[in-house]
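Just so we're on the same page, this note's numbering is the position in the sequence shown counted from 1, plus 53.
Just so you know, even glycine gets a beta-carbon here, dropped at the ideal spot from N, CA and C.
One structure is given below, encoded as structure tokens.
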Amino acid sequence: QQEQLQLELAQRDAAIRKQEAAEALAQAAAEEAKQLLANQLAESQAASEAARRALEVKLEEIEAGAAEAAAEASARGRADREAKRQLEDEIADRDDVINRQEKAQERMKAAHD
């Protein structure tokens, strides 16, 4: 009976060691999975940050381009207004010359009559 108890004890001890090994293996697998997920999360966050920064840079480029286009349009607008003013002045000057010539012709005609 002593041998029977010793055998049963050895079997239970082996079963306990087997169970402990299985638990340790499961714990190691869980830790590895946890670390893998943590790494994936960190990579995802880094990728998201890089993508966010890339979008910020693109937005800054678009804003700079829009500001430059607005400045160019404003400069063209000023140049167009100045050219228009010059043309209006030129037309007014020509109208004055024509009016003076017509008056001079009228005076000459009146003096001739």
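Tell me whether D148 sits in a helix, a strand or coil according to DSSP, three-state version. Counting from one through the sequence shown, the residue named residue 148 turns up at place 95. D148 falls in the helix class under three-state DSSP.
Exercise. Q54 by DSSP, collapsed to three states: which one?
Worked result: Residue mapping note: residue 54 aligns to position 1 of the sequence shown, counting from 1. Q54 falls in the coil class under three-state DSSP.
Where does D142 fall in DSSP's three states? Within the sequence shown, numbered from 1, the residue matching residue 142 stands at position 89. Here D142 sits in helix by DSSP.
Report task. Grab me the residues of Q16's own chain with a C-beta within less than 8 angstroms of its C-beta, minus the 5 sequence neighbours each way, in chain order. Result -> A question about residue 16 goes unanswered here, because the residues of the chain that appear run from 54 up to 166.
Where does D166 sit, in a helix, a strand or coil, going by DSSP?
Against the sequence shown, residue 166 aligns to sequence position 113. Assignment of D166 by DSSP, reduced to helix, strand and coil, places it in the coil class.
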